[in-house]
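Asks:
There are 6 protein chains.
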Amino acid sequence: MTLSPLEKTGILIEALPYIRQFYGKTVVIKYGGHAMTNCDLKRAVMQDAVLMHLVGMRPVIVHGGGPEITGMLKRLGKQSEFIQGQRVTDAETMEIVEMVLVGKINKEIVTNIHRYGGKAIGLCGKDGNLIEARKQLAHIQQEDGAEVDLDLGFVGRVERINPGIIETVIAEGYIPVVAPIGVGPEGESYNINADLVAGELAVALKADKLVLLTDVEGILADRNNPGSLISALEVGRVPELIRQGVITGGMIPKVNCCIRALEGGVKKTHIIDGRIPHSILLEIFTDTGVGTMVVPG
Amino acid sequence: MTLSPLEKTGILIEALPYIRQFYGKTVVIKYGGHAMTNCDLKRAVMQDAVLMHLVGMRPVIVHGGGPEITGMLKRLGKQSEFIQGQRVTDAETMEIVEMVLVGKINKEIVTNIHRYGGKAIGLCGKDGNLIEARKQLAHIQQEDGAEVDLDLGFVGRVERINPGIIETVIAEGYIPVVAPIGVGPEGESYNINADLVAGELAVALKADKLVLLTDVEGILADRNNPGSLISALEVGRVPELIRQGVITGGMIPKVNCCIRALEGGVKKTHIIDGRIPHSILLEIFTDTGVGTMVVPG
Amino acid sequence: MTLSPLEKTGILIEALPYIRQFYGKTVVIKYGGHAMTNCDLKRAVMQDAVLMHLVGMRPVIVHGGGPEITGMLKRLGKQSEFIQGQRVTDAETMEIVEMVLVGKINKEIVTNIHRYGGKAIGLCGKDGNLIEARKQLAHIQQEDGAEVDLDLGFVGRVERINPGIIETVIAEGYIPVVAPIGVGPEGESYNINADLVAGELAVALKADKLVLLTDVEGILADRNNPGSLISALEVGRVPELIRQGVITGGMIPKVNCCIRALEGGVKKTHIIDGRIPHSILLEIFTDTGVGTMVVPG
Amino acid sequence: MTLSPLEKTGILIEALPYIRQFYGKTVVIKYGGHAMTNCDLKRAVMQDAVLMHLVGMRPVIVHGGGPEITGMLKRLGKQSEFIQGQRVTDAETMEIVEMVLVGKINKEIVTNIHRYGGKAIGLCGKDGNLIEARKQLAHIQQEDGAEVDLDLGFVGRVERINPGIIETVIAEGYIPVVAPIGVGPEGESYNINADLVAGELAVALKADKLVLLTDVEGILADRNNPGSLISALEVGRVPELIRQGVITGGMIPKVNCCIRALEGGVKKTHIIDGRIPHSILLEIFTDTGVGTMVVPG
Amino acid sequence: MTLSPLEKTGILIEALPYIRQFYGKTVVIKYGGHAMTNCDLKRAVMQDAVLMHLVGMRPVIVHGGGPEITGMLKRLGKQSEFIQGQRVTDAETMEIVEMVLVGKINKEIVTNIHRYGGKAIGLCGKDGNLIEARKQLAHIQQEDGAEVDLDLGFVGRVERINPGIIETVIAEGYIPVVAPIGVGPEGESYNINADLVAGELAVALKADKLVLLTDVEGILADRNNPGSLISALEVGRVPELIRQGVITGGMIPKVNCCIRALEGGVKKTHIIDGRIPHSILLEIFTDTGVGTMVVPG
Amino acid sequence: MTLSPLEKTGILIEALPYIRQFYGKTVVIKYGGHAMTNCDLKRAVMQDAVLMHLVGMRPVIVHGGGPEITGMLKRLGKQSEFIQGQRVTDAETMEIVEMVLVGKINKEIVTNIHRYGGKAIGLCGKDGNLIEARKQLAHIQQEDGAEVDLDLGFVGRVERINPGIIETVIAEGYIPVVAPIGVGPEGESYNINADLVAGELAVALKADKLVLLTDVEGILADRNNPGSLISALEVGRVPELIRQGVITGGMIPKVNCCIRALEGGVKKTHIIDGRIPHSILLEIFTDTGVGTMVVPG
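Order-wise, the sequence lines are chains E, X, S, L, R and C.
For what it's worth, UniProt numbering labels the leading residue of the first sequence as 1, then goes sequentially.
For what it's worth, UniProt numbering labels the leading residue of the second sequence as 1, then goes sequentially.
For what it's worth, UniProt numbering labels the leading residue of the third sequence as 1, then goes sequentially.
For what it's worth, UniProt numbering labels the leading residue of the fourth sequence as 1, then goes sequentially.
For what it's worth, UniProt numbering labels the leading residue of the fifth sequence as 1, then goes sequentially.
For what it's worth, UniProt numbering labels the leading residue of the sixth sequence as 1, then goes sequentially.
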């Protein structure tokens, strides 16, 4: 499709009300999945972040990094074991996880943001004590029905966010890029789920919006029918939808993360399809639903 | 034309490099002609200004108001006489000129900017002594070849700009809208050509860009051929083009105004076609020429 | 009277306690009546404002403009009709009202302040959305005793003041001069009583003092006896004085305006005689009463 | 003489141009002589300083204290010896000089300024190392014509001014009051002529005006004719007037102090008659000469 | 003892946790007794203050001056009479007290702080109206058991602290040095106990610590046994210890001063032995008790 | 050795002049070698940095990481090849280098600083485009005497430092910790010698001091005699000492780095023995030489 210059400016003008609406607002984006591996999607996310920054928003990026971690562990001859979607993380694994997330993926994102005209600073939870963490046991129901708490090693939860450094770098015009590594009381590292970190950061920064990029369309009423997308989901309906098996598997923690953020004062939370290029902009600058918005109610 | 949301975000992304380039830059716009009388064009200019502001530019609007002034004078039974394109301005006319420009047109623009989501302050040259003026005699060549200086009444030229109030309101997030009325040593008002005021303001504000909206395509090498638009005109070629009759009539002072601004340190000057909607955005956000850029050289 | 230099400095020294008392205080002045038409009085008001500014006060001027508006309407062949002291204002009249107030009177005051050594910025309710207005119906008791609400056209009341731009210009050392034009939800203009605007501005700016310049001595206990001036009037006595016919006609809205300001937190309100030169300074810098102070109680 | 309130405001208005002219200007006042001992004059000087502060000037007071020092020395049974107008200052005398100047006179002035509605901070040259001093030998011509340098003890000259603390307290709205005590390299105190300190402070503070209060009318062309006051004295004429015996005795160092200040960038210097109440205000707020202005030329 | 450089840096490192703990904290020090007369102790206190400042604390010094005042009075042939430890202060005595405290001792301390590398400003209660005072009668039990209030002349108590000037000079990097002279409603001077001034200043400055330097080890459980030092004393135990004669004489007002400061929000109060060099640093930078800490409870 | 508390405070007082001297000064420290692997030395360096920060200095840490990189490469089965002391760095090696430096060592230092009471932010050259780099060819003299430029892969040199982010985090009270990874024009990573980065950062930050931690005593006049340490080395003597073989091998680039820093405006440069605990403090806070100071001359 070729647009005349005139048509193009028309599009810019259409974006005006949205730009106005989000001026000065903080948006925390959990960045992961296909959008991190596919080159075009990657570029699109970076551009989205830079554009958001330039039109006056304050984007904050929290990234995952699963596949690269697994790759590096393989190269070192280590098998990755997962329990309930969480990687069992012994000390050696933790070291690799941290090196890959902080030393590779985080800085790649920073470099790409610079490439598309923004300025970024890469941080992990250790910088300025950003993310204080504690060990998180996995609560497991065994085959015999008994419930046990399993120690998965250096798997953590957020104990406390110290957002000072984030606010400092935003105030200086940088986009903060955060690796989901927490720091324990003895200085030990913890591997934390990036969705959780994004949610807690959104609360600590009093963000207006939390956006979780996923590899699905959003929450489908009928999982076989892409047309059955639930555009807006009231928090009150969640338990029933879990019972009905509409919200299942990896989607459950994401929805819980949105609920937690809403309770913490975040205005709006979104689970969107990261496989669509510029899905973040679509969410912000158009009325088109590109996933499921989880709302209070 | 209907664009998918996806296509629309693509357009936004295309604008990224331009947004980046003009971030924080001051752009003085002379607003006049059809763009002030046609409703759609009017709205488009307001939207352009608001968008420019939101994406980090610092637009300043200087407006004319010829037709409305003539209209009001007619209602009061006064004839308008023009010499060399300048209105002969006796005291009574000056009073009307000022009332219409400052009390009507200026505030209408302010109101419209608010309507499209911006914030604006209307000013004239008396506010904060913004535009100090002196009487400007018209230099006329009579039929017998003799040259004389005619007194056209309260027609003025810019003696000095005190840009403090403009900088104050920009710093507070307002778009300044300036009526081209200057103030003389005794507090008397002067009617000044809006192009001239825009040019001098651009110099005083160390603007990056001066944009003059006109009712023509720009400067045409062959005035009968709209395809003969001169996209970029080096200052050095101007005298010859005037001799050849390529630059004539009302275009001459506009070109001189650009030259004066370039000499005063303004980076780029543009004479663009205000009859095209969003021509300002087109100029800034696309590579498409929508008029003539006057450049040093 | 010729004073020796020594005697003059004595006067300055006498003013010391008053200067100290009002240092940094905001004073909103409704400027109108004879003080706007008589040349000497005009100059005196300008000088008062400049002096107030220089000795550390923050004067804000709200002006009326009745006679000039009527004059211009006449020149255009329009009759002015008044109901209960308010001008019936059709669209054409509104246009003229606005042009005269904003484009003529407002800027004349600005120019005069500069002349006497101050710096001023002229504003109307449209600038920075300063005065949001709504249509004000006139509540009329007909001859048959029935009460009706009459639509007087573009006659408005203050819905909301956005004082940001006033505070900005004061902070930069300018005296704000405000034309009592409000802006409606659709961008339409409203003609608002200048006393009302002054009162609401005083409340919004948390002013210490509201001064209404009038063409009478103040409130007289006996209207035929200028010596019967009521220097201080407690709010609680107002209803009775209206019943007794002591407060009548145009004085009633002025007194109500003072009451409204006191309720809104303004410390002191004054209705003073604008026909006395420098009556504002007299009010502020001497113990002499030059009118009626309306006080809580 | 009783003035009507109206006449009084007229005086205030007359002061307007002077207030405007000196707004924000620094004026260093050497305060001494009768104006320090006569109660009425004392009060007048304090009021002048407070008024200057309130109308936007930045007064700085440097005081002497001769008579009180002599009095205290007498109470302690010490004789005061003077050589060329300078007190011979042994260690014990220095201790008394400092106690009287810093612990008595300085704080009395501070208290009086508070009494007349200002805020003041008393400082000596030791505070913040304000006045670094060195020993000053007296250059004497003996009876036999030989020239010798006499050591007068702790008599000093200004080596260097560190004006930081003065600027700090002015910025916070205090009037600085300075005792002319300097501090030597070993922390020892020096007694410095107050005129000299005032002159050097004026230079260091880039003051606009230096005012030396004296007990004479100014410089008289004919010392027996008070009507022969030289209102303005060009620096170039000084040597001749000294030769002619017009400028003699204690006036010579005062004139030299003015010359030094002018060379250091002070705009105007004045030697005025401190015996006239409010002579400082007279000098600043009227065109009347109350002494001799020493000017470049 | 000679330490290797290595051992020395070890000491610095040991101080780290204390430096961290007191970073940015305000500490008010009552400076008096032997520490003011012994040269080595004097130097040590100055060094302590400068070091505290350099490592980020905000020390404030309040000084006494008894012996020097008595000395000067003697030189002037005046006897000092004391009632309940307070000097009977007639007008002449007050004049001498003020001159010695403000004009001699205060500035000596300032000079010494500069000598050891700090910057200081000397102030008394008159500067910026720092200490507003009222006359303090002495409550006396006569021999016949009757209680009377004796007028001791210009002996005062603190009515109100205006700490603005203290905060100003601290913010600019100076150490404030305060002479305990208060100013009464008529500008009269009052001699106030320095402990009381220190306590009230600590409250007004929301200090973290109040340190009273004394000439004893602290509070001893058995006054004949220096080993019986009470390191920490709960406020609740004070009345009993007074009854038992453990806290007696001049220690009673010091303990009361601590209690008052604790009630006013000061975190910790200390009565320490000023005869030990660097006792202030010892108190702050080591775990060693060098006196009695009075604590809530 | 046990010191009494008194002796300890004596040591603190001895440090006073040094603390004063370095107040507010920027010190760039190249941290590497034994000091990074030995636990006690590691702790000592962290404590030194925190202490420097608390006493008002602005330390900046640049770290190496050779041994850990080699270890990780080994675990991945990659051999490390060195040419002229520089690691041949193919793309895979670069990835590992970056992960180890940025994702492991850098964040360990950050965590340790927090542990010893400071606040730190870990950065690499990609953050905020801190270190722009270009490929650095190795200039080699072959056995046959021919000189060639060898491509060692992603080995870089500093093209340009953008110190903004460093200044931002220092201003907010953080200690910046920098990994010596540069970013090329295409976003590619470069491995840069940490000494070089430290030197260039010192220049860009206008640092007062550059400290290079090494594993030797400094420069020895006679390499077999530790007592022959050259405490101060003038730049002019360097070429001769290289010719004489006194400065050899890895010391040559270190000395060159000091020279470059001195030329760039750094005041003092030091090559010190990192094997001595607290050698940085020793250098700053004592007169003892703990290595070689390279000075202009």
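Positions of the beta carbon are idealized from the N, C-alpha and C atoms, including for glycine.
Keep in mind the model is a prediction, meaning the values are calculated, not measured.
Which of the residues in the segment 39-57 of chain E, read from start to end, lie with their CB under 8 Å from any CB of chain C?
Replies: Within the segment 39-57 of chain E, no residue qualifies.
Asks: Quick one: which residues of the segment 12-28 of chain C get their C-beta closer than 8 Å to a C-beta of chain R? List them in chain order.
Replies: Listed by position, the residues of the segment 12-28 of chain C near chain R (Cβ gap below 8 Å) are L12, I13, E14, A15, L16, P17, I19, R20 and Y23.
Asks: The alpha helix (DSSP H) that contains R243(R), what's its start and end?
Replies: Taken as a continuous stretch (DSSP letters only), the alpha helix (DSSP H) holding R243(R) covers V238 to R243.
Asks: Round the Cβ separation of I165(L) and L205(L) to the nearest angstrom and send it over; I've been treating them as touching at under 8 Å.
Replies: At roughly 11 Å, the Cβ-Cβ gap does not stay under 8 Å, so I165(L) and L205(L) are not in contact.
Asks: Is the beta carbon of G117(R) sitting closer than 8 Å to the one on R243(C)?
Replies: In this structure, R243(C) does not lie closer than 8 Å to G117(R) by Cβ.
Asks: I believe A261(C) touches L210(C) by the beta-carbon criterion, under 8 Å. Please report the beta-carbon distance rounded to the nearest angstrom.
Replies: A261(C) to L210(C), Cβ: 5 Å. Contact.
Asks: Strictly below 8 Å CB to CB, what residues from chain L border K190(R)?
Replies: First, the residue type needs correcting, since residue 190(R) is Tyr and not Lys in the sequence shown. Neighbours of Y190(R) on chain L: none; closest Cβ ~12 Å, over 8 Å.
Asks: Compute the Euclidean distance between the alpha carbons of V97(R) and V266(R), then round it to the nearest angstrom.
Replies: So the two alpha carbons sit approximately 29 Å from each other.
Asks: Note down, in chain order, each residue of its chain lying with its Cβ closer than 6 Å to the Cβ of K126(R), except the 5 sequence neighbours on either side.
Replies: If we look at K126(R) and ignore the five residues flanking it on each side, its Cβ neighbours are V183.
Asks: Restricting to Cα atoms, I'd like to know which of M52(R), A44(R) and L12(R) is closest to K25(R).
Replies: Closest option to K25(R), Cα to Cα, is M52(R).
Asks: Can you pull the chain C neighbours of G117(R), defined as C-beta to C-beta under 8 Å?
Replies: Within 8 Å Cβ-Cβ: L16, P17 and R20.
Asks: Let me confirm a value: L282(R) is counted as buried when at least 16 other C-beta atoms fall within 10 Å, else exposed. Which label applies?
Replies: That one is buried.
Asks: Let me make sure I understand the geometry here. Which of I192(R), A171(R) and I161(R) has the alpha-carbon closest to that of Q136(R)?
Replies: Answer by Cα proximity: I192(R).
Asks: So, is the C-beta of L76(S) closer than 8 Å to a C-beta in chain X?
Replies: Closer than 8 Å: yes.
Asks: Counting only runs that start and end within the segment 117-176 of chain L, where is the alpha helix (DSSP H) found for 4 or more residues in a row?
Replies: List check, alpha helix (DSSP H) in window: 164-171.
Asks: Using 8 Å as the cut-off, can you tell me whether the segment 72-83 of chain R makes contact with the segment 81-92 of chain L, which would need three or more C-beta pairs spanning the two stretches below that distance?
Replies: Not touching, per the Cβ criterion.
Asks: Quick check on the DSSP output: the beta strand (DSSP E) that includes K209(C) runs from which residue to which?
Replies: That run of the beta strand (DSSP E) goes K209 to T214.
Asks: Below 9 Å on C-beta distance, what does F154(S) contact in chain L?
Replies: Under the 9 Å cutoff, chain L gives no residues; its nearest Cβ is about 39 Å from F154(S).
Asks: Taking the straight line between their C-alpha atoms, what separation do you get for L212(E) and I276(E)?
Replies: So the two alpha carbons sit approximately 13 Å from each other.
Asks: Count Cβ pairs between the segment 59-73 of chain L and the segment 28-43 of chain L that sit closer than 8 Å; are there 3 or more?
Replies: The segment 59-73 of chain L vs the segment 28-43 of chain L: in contact.
Asks: Closest Cβ-Cβ distance between K209(X) and chain E: below 8 Å?
Replies: No, because no Cβ of chain E sits closer than 8 Å to the Cβ of K209(X).
Asks: Would you check if the distance between the CB atom of A133(E) and the CB atom of R157(E) is smaller than 8 Å?
Replies: Their beta carbons are under 8 Å apart, which means A133(E) touches R157(E) by this criterion.
Asks: Taking C-alpha atoms, which residue in C258(L), S189(L) and L150(L) lies nearest to A198(L)?
Replies: The candidate whose alpha carbon is nearest that of A198(L) is C258(L).
Asks: Evaluate E263(E) with the Cβ neighbour count: other Cβ atoms within 10 Å of its Cβ, from every protein chain shown; 16 or more gives buried, anything less gives exposed.
Replies: Exposed.
Asks: Going by beta carbon distance, what residues of the same chain come within less than 8 Å of I140(L), once the five residues before and after it are set aside?
Replies: The answer, listed in chain order, is I83, Q84, E147, V148, D149 and L150.
Asks: Are at least three pairs of beta-carbons, each pair with one atom in the segment 99-108 of chain C and one in the segment 89-105 of chain E, less than 8 Å apart?
Replies: Judged by Cβ distances under 8 Å, the segment 99-108 of chain C makes contact with the segment 89-105 of chain E, as three or more pairs qualify.
Asks: In the segment 96-111 of chain C, which residues sit with their C-beta less than 9 Å from some C-beta in chain R, listed in chain order?
Replies: Those would be none; no residue qualifies.
Asks: Under 7 Å Cβ to Cβ from E159(L), same chain only, skipping five residues before and after it: list those, please.
Replies: Cβ within range, chain order: E132, A133 and R134.
Asks: Please list the partners that F285(L) has in chain S, where partner means a Cβ-to-Cβ separation under 7 Å.
Replies: Going along chain S in sequence order, the residues near F285(L) (Cβ under 7 Å) are T9 and L12.
Asks: Mind listing the chain L neighbours of H114(S)? Cutoff is C-beta to C-beta under 9 Å, in chain order.
Replies: In chain order: nothing, as chain L lies at least about 12 Å away.
Asks: Anyone know if the C-beta pair for V76(E) and L76(C) falls short of 8 Å?
Replies: The displayed chain sequence assigns Leu, not Val, to residue 76(E). In contact: L76(E) and L76(C) (Cβ atoms closer than 8 Å).
Asks: Can you tell which of E143(X), G249(X), G291(X) and G65(X) has its C-alpha closest to the C-alpha of K268(X)?
Replies: Considering only alpha carbons, the answer is G291(X).
Asks: Based on the DSSP output, what are the partners of P59(X) in its beta bridges?
Replies: Partner(s): V27(X).
Asks: State yes or no: is the beta carbon of L213(E) nearer than 8 Å to at least one beta carbon in chain X?
Replies: With 8 Å as the cut-off, L213(E) does not count as an interface residue toward chain X.
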